[in-house]
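First comes the structure, then the notes that go with it.
In the numbering used here, the protein residues as written are 5 to 201.
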């Protein structure tokens, strides 16, 4: 409940902020559908779309930056694309929620190239690992609106240092200014960045 409450509190701050919503790492789709329903309830006439990026084959190989625990998790968090598409259809969200399936190291650069006019109001990062998280942050850096949010599911945690390293590198390299927020009521998501300039 705490997870959903904090996500809801964050979401309310991007109502009226231009740009689509991205989730990087959908797993079974619970959070993706939650974001879609919040958008439907709070911004029913906004042209925002919700993009869900996932390989639907579980966690890929980790790097040294991801630590020893992550290297034992290959294949875990395997989602079910067919089941998620059925849920999207059930709520008539076919035109609102779009899945980008495949290896993020390939799909995100292609998405960036195919959508040079992309604008993002909220990005939820749940890739866990350094390399795909950095790829997502590269997309966000050129598309995040002032007032937009970047939410990290595992940054700052002991088991998933790669996400923390990616966040710190992003903050060091970006020309944007962000306010950092910490979740006071639940274990995840851990940190949110709000673009202020």
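We put the CB at the ideal spot given by N, CA and C, even for glycine.
For residue 130, which option in 194, 8, 14, 40 has the closest C-alpha, if you only look at C-alpha atoms?
Per the Cα distances, 194.
State the start and end residues of the unbroken alpha helix (DSSP H) segment that holds residue 169.
165 to 177 is the span of the alpha helix (DSSP H), which, as asked, contains residue 169.
In three-state terms, what does DSSP make of residue 95?
Residue 95 falls in the coil class under three-state DSSP.
Between which two residues does the beta strand (DSSP E) harbouring residue 6 extend?
First-last for residue 6: 6 to 16, but that is the alpha helix (DSSP H), not the beta strand (DSSP E).
Quick check for students: name the residue ranges of the alpha helix (DSSP H) that lie wholly in the stretch 19 to 83, counting only runs of 4 or more.
Those alpha helix (DSSP H) runs which fall completely within the stretch 19 to 83 and span 4+ residues are 34 to 46, 71 to 74.
I'd like the list of long-range same chain contacts for residue 63, defined as Cβ closer than 8 angstroms, with 5 residues on each side in sequence excluded.
So the qualifying residues of the chain are 74, 77, 78, 79, 80, 81, 132, 133.
Quick check on DSSP: helix, strand or coil for residue 111?
Three-state DSSP puts residue 111 in a helix.
State yes or no: is the beta carbon of residue 179 nearer than 9 angstroms to at least one beta carbon in chain C?
No chain C is part of this structure, which consists of one protein chain only.
With DSSP collapsed to three states, give me the class of residue 191.
The answer is coil: DSSP assigns residue 191 none of H, G, I, E or B.
Could you check if residue 191 is buried or exposed, using at least 16 other CB atoms within 10 Å of its CB as the buried criterion?
With fewer than 16 Cβ atoms within 10 Å of its Cβ, residue 191 is classed as exposed.
Quick check on the burial criterion: 16 or more other C-beta atoms within 10 angstroms. Buried or exposed for residue 43?
Looking at its Cβ environment, which holds 16 or more other Cβ atoms inside 10 Å, residue 43 is buried.
Just to confirm my understanding: we take residue 116, look at its own chain, exclude 5 residues before and 5 after, and list those with CB closer than 6 angstroms. What are they?
So the qualifying residues of the chain are 143.
Following a CB-centred definition, is residue 138 positioned closer than 8 angstroms to any heavy atom of the ligand SAM?
Because no ligand of any kind appears in the structure shown, any question about the ligand SAM cannot be addressed here.
Let's see if you can read the secondary structure: which residues bound the beta strand (DSSP E) around residue 122?
Unbroken run through residue 122: none, as it is neither H nor E.
Closest to residue 182 by CA distance: which of 166, 200, 174, 97 is it?
It is 200.
Spatial neighbours of residue 160 within its chain, please: C-beta separation below 6 angstroms, excluding the five flanking residues on both sides.
Excluding positions up to five away in sequence, the list reads 168, 194, 195.
Going by DSSP, which residues form a beta bridge with residue 134?
Paired residues: none, contrary to the question.
In the DSSP assignment, what residue or residues form a beta bridge with residue 89?
Partner(s): none; residue 89 has no beta bridge.
Can you find the residues in the same chain that come closer than 7 angstroms, C-beta to C-beta, to residue 97, ignoring five residues on each side of it along the sequence?
So the qualifying residues of the chain are 40.
With H, G and I counted as helix, E and B as strand and the rest as coil, what does DSSP make of residue 196?
It is a strand residue.
Express the C-alpha separation of residue 111 and residue 176 in angstroms, rounding to a whole number.
Answer to the nearest angstrom: the Cα atoms are 25 angstroms apart.
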